[in-house]
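Novice: With our numbering, you'll find the sequence shown wraps up at 1422, consecutive numbering, no jumps.
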Amino acid sequence: MQEVYVNGSEFDSAQEILEYLRDEIGLDAENINTLYDALTAVSDDTKITMDMSGVTDDELLDAMERMSEVMGDAADDSDYLEITCIE
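1. Who pairs with ILE1421 in a beta bridge, going by DSSP?
2. Sort out for me which residues DSSP pairs THR1381 with in a bridge.
3. Does the Cβ of THR1391 have 16 or more other Cβ atoms within 10 Å, making it buried, or fewer, making it exposed?
4. Considering only DSSP beta bridges, list what ASN1342 is partnered with.
5. Mind reading off the beta-carbon distance from THR1384 to VAL1341? Whole number of angstroms is fine, and I expect it under 8 Å.
6. From LEU1395 to ILE1360, what does the alpha carbon distance come to, in whole angstroms?
7. Can you give me the Cβ contacts of LEU1356 inside the same chain, cut-off strictly under 8 Å, excluding the 5 residues immediately before and after it?
8. Quick one, which of GLU1422, ASP1412, ILE1352, GLN1350 has its alpha-carbon nearest ALA1376's?
9. Taking its Cβ as the centre, do 16 or more other Cβ atoms sit within 10 Å of MET1336, making it buried, or is it exposed?
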């Protein structure tokens, strides 16, 4: 199983998080709009933990909340994906 921990306080933008996910698990999402399709294409057991607890930037927090919603929807439609969110 691939496991990725995204500590939101270490990033400045949603784009940086997507680039991190691309590097860590090969996720091919260019933006939040393509995130669902990229996640539902994952074919290996994958767990992503999104930690938003230390995020103080409102814009980044909003983006991470939206990403978490999309990730949750994708996990509902995938046998390989598990998402955990820490708020």
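Heads up, the beta-carbon is just placed ideally off N, CA and C, and yes, glycines get one too.
Specialist: Looking at the atomic coordinates:
1. ASP1386
2. GLN1337, LEU1416
3. THR1391 should be labelled exposed.
4. ASP1386
5. 7 Å
6. 21 Å
7. VAL1339, VAL1341, LEU1362, ALA1364, ILE1383
8. ASP1412
9. exposed
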